[in-house]
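Undergrad: These protein sequence lines are chains A and B, in that order.
Position 26 of the first sequence, counting from 1, maps to 26 under the numbering used here, and the rest follow consecutively.
Count along the second sequence from 1, add 436, and you get the number used in the numbering used here.
Protein chains: 2
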Amino acid sequence: MHATFDALPQAVQAELPRAFLNWMGCVLGGCREPPVDLAAAAFLPLPPGKGRGEGLPASIIGRHQRADLATTALLNSFSASVLSFDDTHLATVTHPTGPVASAIFALSETRPVSGQDFATALAIGIEIECRLSNALLLPPAQANTGLYVTGLTGPIGAAAAMGRLLGLDERKMNWAIGLAAAQAAGFRATHGAMSGLLVPAFGARNAVHAALLAANGFTCPETLLEAPNGFIDIFSPAADPARATDALGHRFELLANAYKPYPAGIVIHPALDACLDLAARLPPGADPAAVTVTVHPLTLTLTDRRAPADPLEAQISLYHWVAASLLRRTAGIDELQQDCIDDPQIAALRTRINAISDPALNRDEAIAEMTLADGTTLRAHVPVARPMTDADLDRKFRAQATRVLDAAAADTLLRLCRDLPTLHDVGQQIAAVWKE
Amino acid sequence: MHATFDALPQAVQAELPRAFLNWMGCVLGGCREPPVDLAAAAFLPLPPGKGRGEGLPASIIGRHQRADLATTALLNSFSASVLSFDDTHLATVTHPTGPVASAIFALSETRPVSGQDFATALAIGIEIECRLSNALLLPPAQANTGLYVTGLTGPIGAAAAMGRLLGLDERKMNWAIGLAAAQAAGFRATHGAMSGLLVPAFGARNAVHAALLAANGFTCPETLLEAPNGFIDIFSPAADPARATDALGHRFELLANAYKPYPAGIVIHPALDACLDLAARLPPGADPAAVTVTVHPLTLTLTDRRAPADPLEAQISLYHWVAASLLRRTAGIDELQQDCIDDPQIAALRTRINAISDPALNRDEAIAEMTLADGTTLRAHVPVARPMTDADLDRKFRAQATRVLDAAAADTLLRLCRDLPTLHDVGQQIAAVWKE
Numbered sequence: 001m002h003a004t005f006d007a008l009p010q011a012v013q014a015e016l017p018r019a020f021l022n023w024m025g026c027v028l029g030g031c032r033e034p035p036v037d038l039a040a041a042a043f044l045p046l047p048p049g050k051g052r053g054e055g056l057p058a059s060i061i062g063r064h065q066r067a068d069l070a071t072t073a074l075l076n077s078f079s080a081s082v083l084s085f086d087d088t089h090l091a092t093v094t095h096p097t098g099p100v101a102s103a104i105f106a107l108s109e110t111r112p113v114s115g116q117d118f119a120t121a122l123a124i125g126i127e128i129e130c131r132l133s134n135a136l137l138l139p140p141a142q143a144n145t146g147l148y149v150t151g152l153t154g155p156i157g158a159a160a161a162m163g164r165l166l167g168l169d170e171r172k173m174n175w176a177i178g179l180a181a182a183q184a185a186g187f188r189a190t191h192g193a194m195s196g197l198l199v200p201a202f203g204a205r206n207a208v209h210a211a212l213l214a215a216n217g218f219t220c221p222e223t224l225l226e227a228p229n230g231f232i233d234i235f236s237p238a239a240d241p242a243r244a245t246d247a248l249g250h251r252f253e254l255l256a257n258a259y260k261p262y263p264a265g266i267v268i269h270p271a272l273d274a275c276l277d278l279a280a281r282l283p284p285g286a287d288p289a290a291v292t293v294t295v296h297p298l299t300l301t302l303t304d305r306r307a308p309a310d311p312l313e314a315q316i317s318l319y320h321w322v323a324a325s326l327l328r329r330t331a332g333i334d335e336l337q338q339d340c341i342d343d344p345q346i347a348a349l350r351t352r353i354n355a356i357s358d359p360a361l362n363r364d365e366a367i368a369e370m371t372l373a374d375g376t377t378l379r380a381h382v383p384v385a386r387p388m389t390d391a392d393l394d395r396k397f398r399a400q401a402t403r404v405l406d407a408a409a410a411d412t413l414l415r416l417c418r419d420l421p422t423l424h425d426v427g428q429q430i431a432a433v434w435k436e
Numbered sequence: 437m438h439a440t441f442d443a444l445p446q447a448v449q450a451e452l453p454r455a456f457l458n459w460m461g462c463v464l465g466g467c468r469e470p471p472v473d474l475a476a477a478a479f480l481p482l483p484p485g486k487g488r489g490e491g492l493p494a495s496i497i498g499r500h501q502r503a504d505l506a507t508t509a510l511l512n513s514f515s516a517s518v519l520s521f522d523d524t525h526l527a528t529v530t531h532p533t534g535p536v537a538s539a540i541f542a543l544s545e546t547r548p549v550s551g552q553d554f555a556t557a558l559a560i561g562i563e564i565e566c567r568l569s570n571a572l573l574l575p576p577a578q579a580n581t582g583l584y585v586t587g588l589t590g591p592i593g594a595a596a597a598m599g600r601l602l603g604l605d606e607r608k609m610n611w612a613i614g615l616a617a618a619q620a621a622g623f624r625a626t627h628g629a630m631s632g633l634l635v636p637a638f639g640a641r642n643a644v645h646a647a648l649l650a651a652n653g654f655t656c657p658e659t660l661l662e663a664p665n666g667f668i669d670i671f672s673p674a675a676d677p678a679r680a681t682d683a684l685g686h687r688f689e690l691l692a693n694a695y696k697p698y699p700a701g702i703v704i705h706p707a708l709d710a711c712l713d714l715a716a717r718l719p720p721g722a723d724p725a726a727v728t729v730t731v732h733p734l735t736l737t738l739t740d741r742r743a744p745a746d747p748l749e750a751q752i753s754l755y756h757w758v759a760a761s762l763l764r765r766t767a768g769i770d771e772l773q774q775d776c777i778d779d780p781q782i783a784a785l786r787t788r789i790n791a792i793s794d795p796a797l798n799r800d801e802a803i804a805e806m807t808l809a810d811g812t813t814l815r816a817h818v819p820v821a822r823p824m825t826d827a828d829l830d831r832k833f834r835a836q837a838t839r840v841l842d843a844a845a846a847d848t849l850l851r852l853c854r855d856l857p858t859l860h861d862v863g864q865q866i867a868a869v870w871k872e
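(1) Output, in chain order, the set of chain A residues within a Cβ distance shorter than 7 Å of Asp504 (chain B).
(2) Grab me the residues of Leu738 (chain B)'s own chain with a C-beta within less than 8 Å of its C-beta, minus the 5 sequence neighbours each way, in chain order.
(3) Quickly, what does DSSP pair Asn790 (chain B) with across the bridge? List them, please.
(4) Where Ile782 (chain B) and Ala106 (chain A) are concerned, what is the direct C-alpha to C-alpha distance, given to the nearest angstrom?
(5) Taking Leu372 (chain A) as part of the beta strand (DSSP E), name the residues at either end of that continuous run.
(6) How many angstroms separate the CA atom of Gly163 (chain A) from the CA atom of Pro112 (chain A)?
(7) Whose C-beta lies closer than 6 Å to the C-beta of Met437 (chain B) among residues of the same chain, with five residues either side of it excluded?
(8) Should Pro308 (chain A) go down as buried or exposed, given a rule of 16 or more other Cβ atoms within 10 Å for buried?
(9) Taking the straight line between their C-alpha atoms, what separation do you get for Leu708 (chain B) and Arg799 (chain B)?
(10) Between Pro664 (chain B) and Ser513 (chain B), which are expected to be in contact by the criterion C-beta below 8 Å, what is the C-beta distance as a whole number of angstroms?
(11) Select from B:Asp723, B:Gly590, B:Thr589 and B:His756 the residue whose C-alpha is nearest the C-alpha of Thr813 (chain B).
(12) Within 10 Å of its beta-carbon, does Ala7 (chain A) have 16 or more other beta-carbons around it, so buried, or fewer, so exposed?
(13) Within 9 Å (strictly less), CB to CB, does Phe105 (chain A) reach chain B?
(14) Starting from Leu212 (chain A), find everything on chain B with Cβ-Cβ shorter than 7 Å and list it in chain order.
(15) Report the rounded CA-to-CA distance for His525 (chain B) versus Ser517 (chain B), giving the unit in angstroms.
(16) Of all the options B:Pro857, B:Asp861, B:Leu829 and B:Phe688, which has the alpha carbon lying nearest to the alpha carbon of Met460 (chain B)?
(17) If we count Cβ pairs, one from each stretch, closer than 8 Å, do we get three or more for the region 414–428 of chain A versus the region 44–52 of chain A?
(18) Just reading off the alpha helix (DSSP H) that Arg328 (chain A) is part of, what are its end residues?
(19) Would Ile752 (chain B) count as contacting chain A if we go by Cβ distances under 9 Å?
(20) Can you list, in chain order, the residues of its chain whose CB lies under 8 Å from that of Thr546 (chain B), leaving out five sequence neighbours each side?
(21) For the 8 Å Cβ check, are there 3 or more pairs between the region 667–679 of chain B and the region 572–589 of chain B?
(22) Looking at C-alpha atoms only, which residue of A:Arg305, A:Asp334, A:His296 and A:Gln337 is the closest neighbour of Ala385 (chain A)?
(23) Could you list the residues in the region 166–184 of chain A with a C-beta less than 9 Å from some C-beta on chain B, going in chain order?
(24) Cutting at 8 Å between CB atoms, please list the residues of its own chain near Leu399 (chain B), excluding the five before and the five after it.
(25) Taking Ala161 (chain A) and Ala103 (chain A) to be in contact with their CB atoms under 8 Å, please state how far apart those CB atoms are, rounded to whole angstroms.
(26) Determine the DSSP secondary structure at Ala258 (chain A), reduced to helix, strand or coil.
(27) For Leu583 (chain B) and Pro471 (chain B), I'd like the C-alpha separation in whole angstroms.
(28) Determine the chain B residues that contact Phe187 (chain A) at a beta-carbon separation under 8 Å, and present them in chain order.
(29) In three-state terms, what does DSSP make of Val36 (chain A)?
(30) With Thr737 (chain B) as the anchor, note down where its alpha helix (DSSP H) starts and where it stops.
(31) Output yes or no for whether 9 Å exceeds the beta carbon distance between Thr728 (chain B) and Ile789 (chain B).
(32) Candidates B:Arg468, B:Gly721, B:Pro532 and B:Leu763: which alpha carbon is nearest Leu452 (chain B)'s?
(33) Tell me the start and end of each unbroken alpha helix (DSSP H) in the region 1–73 of chain A that is at least 4 residues and wholly inside, in chain order.
(34) For Pro241 (chain A), which option in A:Ser195, A:Ala210 and A:Ile128 has the closest C-alpha, if you only look at C-alpha atoms?
(35) Straight-line CA distance for Gly157 (chain A) to Glu226 (chain A)?
(36) One question on the structure: do Gln449 (chain B) and Phe456 (chain B) come within less than 9 Å of each other, judged by their Cβ atoms?
Here you go:
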């Protein structure tokens, strides 16, 4: 894939700064969360008390700490996913930008990378990642539904993006991809605790190492993805590798990537759209006696948690979000706090929700029905998820960024992200915002 | 498993220093190999020119360089496996000691760990690792034969060993095990290039991070190994998790662990024993016109490479080792050098070898038959691999250690490893050998 920025379709060119902005906002919004503190203490190479990594090449965004490229990529990627607010390739529930952007942003702090080159590498990484996810999960594949594909394909896309910026030749690019695939790991049982949120971050780190190894001349079989006993063979033996290259360069999976308005598992979003629609029509003080939500089967496979104990479980509990959105009539970070999870009224409603799995529905379709105490019934049908507009994304970014930056710095950063293709040195120009 | 050293059977107590000695020898023998140079350049946290990591807590053995615990564990584990001279749990082709010993040895440089505690942690790690490998691969499991289980179970055993030395309670131990399992990766298509040799090393690194994360309070579902969509479910859905705990504390898999006399893939060893037996009976100057080797099917699955291009492929080429051992009448590091691989006589003999896969054979059984140009036939049958005696292990260690240490230091280190259970501070006492 010898794409240049100019050769990308205009819609892709326009989407890349949106993906980058959404990533940067998620990093800033998540970087001071307690799980990131715990991870930083385990991963930073310098022992506590040995300074803030002054001699090291890249910056842990929002944390006033520097580290080597791989650790930086890991921690920035973890910040991006820790609140489950990162983007999602809907067909495969891949979260594509985190591993790719985190890896190449760390690299861009060590050498001049133009905005166009950065955006092109980002496009390549996301495209490879989502296309491999397609190959692993979509027909004819009969993959184990327990695969958390961001952990499997994220490092591969990110390694390819790194390889692009490092100027690897085809052979070394194949090594980089293979070395990333050799470390691929991701399964759904990691969800419901901090562990699941860390999976994309391992991919970011592993991609950096894979690309640096390949650049150094560290060898790997060149067909690791499709070889017998290789990546696809292990994780999805019935998959057709050709699915990954179908209409390559013509159809862009980046354009099938969605940004989240709610910090909830993406498969819950159609139900949330429907419930917020109902909530807006609910008379003040009305009591939802019974609620039925009908969702695509994957939604229940991934989020069938009726009594979440903490924010990590609540994030991926269909029942929690349905109950909280109906009673609070909104679905933001506040609805992920422990007081909302423990709210007796919300907890009680969670037990009265009837969730139905309907294979006839699309993945981004949901129906919510509610019977009030007086017998009134309300119904909302969301046939297609609502994409986030530029204004929605800007609003989301500001709310996240101002958790760690002042409003002026957040605005400066917003403009830099929006203007990504015009930057002459992505790492320097952007890192200057938090060096100021 | 609340084992103490005293409670371990005497045979296990006696085996632990042998496993440790063999690991240390392999680290020293491999640490200056070119792939380790390439890996060090990619993984060391400090950029080139930033010194030898003087402030960092652990030592890259034989390389006069220090790093954080995880990177140290990774590079020491890679040194141990880079020449494929590390130990092997024969039933599952797991290489158990590398990830475990590398992780806990790095930790032991940062705090006093007695030899008995170190040996007990090593026993726990190896036991968990090999037992999980049994569960993944042996009946009733119908696992993909492409799994390279050291990459899957190595990090889990090593994380448990780390957790033991960190004093983790049961809940945190389960987190550590889960966080290691969440990063498990290993498949056979990585073989035949440097990539395959690095797989155990990733496990050592990941185990360090998993244990440090858990110790910090970073959460993970507590039943990640056996949960739906969890570790066993993903890699070997038909496996019986109970197989991992069968006769736990009574039968020790460490006693089914073998040390290699040859730097070749372990499944080739029975054929090598048989060929060296034939070679010893071969008249001087005799030409093996035709050679037939009969091996367990797994041997051919893993080593069916008739024309290896380089040492990495030759290591796991049945044909190369059969040809080289018959013509050179030995099978050591010299037979892995490029000149031996390219030797026209050896290359020609490789093409005349008939390799037969026979499911009636045991895994450590092989038959070699040879017809000479004059029609004479010779036959050797190795029914069971020959275990290495203490003297064999000492000889192997000295040959490896003296690649980087002088003979006196190698002897000092040999005695320290042999006396492991008597040491009061493993890290300090052993690291003193290369600090001298």
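Positions of the beta carbon are idealized from the N, C-alpha and C atoms, including for glycine.
TA: Let's see:
(1) By 1-based counting over the second sequence, the position of residue 504 (chain B) is 68. Here the neighbours are Pro45.
(2) Reading the second sequence from its first residue, position 302 is the one you call residue 738 (chain B). Here the set comprises Val529, Arg624, His627, Gly701, Val703 and Ile752.
(3) Residue numbering aside, residue 790 (chain B) sits at position 354 when the second sequence is read from its first letter. Bridge partners of Asn790 (chain B) according to DSSP: B:Thr728.
(4) For the purposes of this step, residue 782 (chain B) is taken as the residue at position 346 of the second sequence. For the purposes of this step, residue 106 (chain A) is taken as the residue at position 106 of the first sequence. Cα to Cα, the separation comes out at about 48 Å.
(5) To locate residue 372 (chain A), count along the first sequence from 1; it is residue 372. Segment Ala366 to Leu372, the beta strand (DSSP E) holding Leu372 (chain A).
(6) On the first sequence, position 163 is the one that residue 163 (chain A) refers to. On the first sequence, position 112 is the one that residue 112 (chain A) refers to. About 15 Å.
(7) As a working note, residue 437 (chain B) is residue 1 in the second sequence. Only weak support exists for where Met437 (chain B) lies, its pLDDT of 48 falling under 50; the coordinates are left without a value.
(8) Here residue 308 (chain A) refers to the residue found at position 308 of the first sequence. That one is buried.
(9) Translated into the one-based positions of the second sequence, residue 708 (chain B) becomes position 272. Translated into the one-based positions of the second sequence, residue 799 (chain B) becomes position 363. Leu708 (chain B) and Arg799 (chain B): Cα-Cα distance of roughly 13 Å.
(10) Locating residue 664 (chain B) in the second sequence gives position 228, counting from the first residue. Locating residue 513 (chain B) in the second sequence gives position 77, counting from the first residue. That pair is no contact at about 31 Å.
(11) Position 377 of the second sequence holds residue 813 (chain B). Per the Cα distances, B:Asp723.
(12) Here residue 7 (chain A) refers to the residue found at position 7 of the first sequence. Answer is exposed; the Cβ neighbour count stays below 16.
(13) Taking the first residue of the first sequence as 1, we reach residue 105 (chain A) at position 105. It does not; no Cβ of chain B falls within 9 Å.
(14) On the first sequence, position 212 is the one that residue 212 (chain A) refers to. Think of a sphere of 7 Å around the beta carbon of Leu212 (chain A): the chain B residues whose beta carbon falls inside it are Ala478, in chain order.
(15) Working through the second sequence from its first residue, we reach residue 525 (chain B) at position 89. Working through the second sequence from its first residue, we reach residue 517 (chain B) at position 81. Their backbone Cα atoms lie some 14 Å apart in a straight line.
(16) Start at 1 with the first residue of the second sequence, and residue 460 (chain B) comes out as number 24. Cα-wise, what sits closest to Met460 (chain B) is B:Leu829.
(17) no
(18) In the first sequence, residue 328 (chain A) corresponds to position 328, counting from 1. Note, Arg328 (chain A): alpha helix (DSSP H), Leu318 to Arg328.
(19) Taking the second sequence and counting its residues from 1, the one referred to as residue 752 (chain B) is at position 316. Ile752 (chain B) does not count as touching chain A.
(20) As a first step, residue 546 (chain B) must be located in the second sequence, where it is residue number 110. Only Pro493, Ala494, Leu505 and Gly863 meet the Cβ criterion.
(21) Yes, the region 667–679 of chain B touches the region 572–589 of chain B.
(22) The sequence position of residue 385 (chain A) within the first sequence is 385, counting from 1. If we check each option's Cα against that of Ala385 (chain A), A:His296 comes out closest.
(23) Those residues of the region 166–184 of chain A that come within reach of chain B (Cβ to Cβ, closer than 9 Å) are Trp175, Gly178, Leu179, Ala181, Ala182, Gln183 and Ala184.
(24) This structure gives no information on residue 399 (chain B), because the portion of chain B shown stretches from 437 to 872.
(25) In the first sequence, the residue the question calls residue 161 (chain A) occupies position 161. In the first sequence, the residue the question calls residue 103 (chain A) occupies position 103. At roughly 6 Å, the Cβ-Cβ gap stays under 8 Å, so Ala161 (chain A) and Ala103 (chain A) are in contact.
(26) Start at 1 with the first residue of the first sequence, and residue 258 (chain A) comes out as number 258. The three-state reading of DSSP puts Ala258 (chain A) in strand, counting E and B together.
(27) Here residue 583 (chain B) corresponds to residue number 147 of the second sequence, with the count starting at 1. Here residue 471 (chain B) corresponds to residue number 35 of the second sequence, with the count starting at 1. Cα-Cα distance, rounded: 23 Å.
(28) Residue numbering aside, residue 187 (chain A) sits at position 187 when the first sequence is read from its first letter. Within chain B, the residues near Phe187 (chain A) are Ala618, Asn665, Gly666, Phe667, Asp669 and Ile670.
(29) Reading the first sequence from its first residue, position 36 is the one you call residue 36 (chain A). Reduced to three states, the DSSP call for Val36 (chain A) is helix.
(30) For the purposes of this step, residue 737 (chain B) is taken as the residue at position 301 of the second sequence. Per DSSP, Thr737 (chain B) belongs to the alpha helix (DSSP H) from Pro733 to Thr739.
(31) One-based indexing of the second sequence puts residue 728 (chain B) at position 292. One-based indexing of the second sequence puts residue 789 (chain B) at position 353. Yes, they are a contact pair.
(32) Here the question's residue 452 (chain B) lines up with position 16 in the second sequence. Nearest to Leu452 (chain B) by alpha-carbon distance, out of B:Arg468, B:Gly721, B:Pro532 and B:Leu763, is B:Pro532.
(33) 10–30 and 34–43
(34) Along the first sequence, read from residue 1 onward, the residue named residue 241 (chain A) stands at position 241. Selected option, being the one with the closest Cα: A:Ile128.
(35) Taking the first residue of the first sequence as position 1, residue 157 (chain A) is located at position 157. Taking the first residue of the first sequence as position 1, residue 226 (chain A) is located at position 226. Computed Cα separation, rounded: 15 Å.
(36) Within the second sequence, numbered from 1, the residue matching residue 449 (chain B) stands at position 13. Within the second sequence, numbered from 1, the residue matching residue 456 (chain B) stands at position 20. No, these two residues do not count as a Cβ contact at 9 Å.
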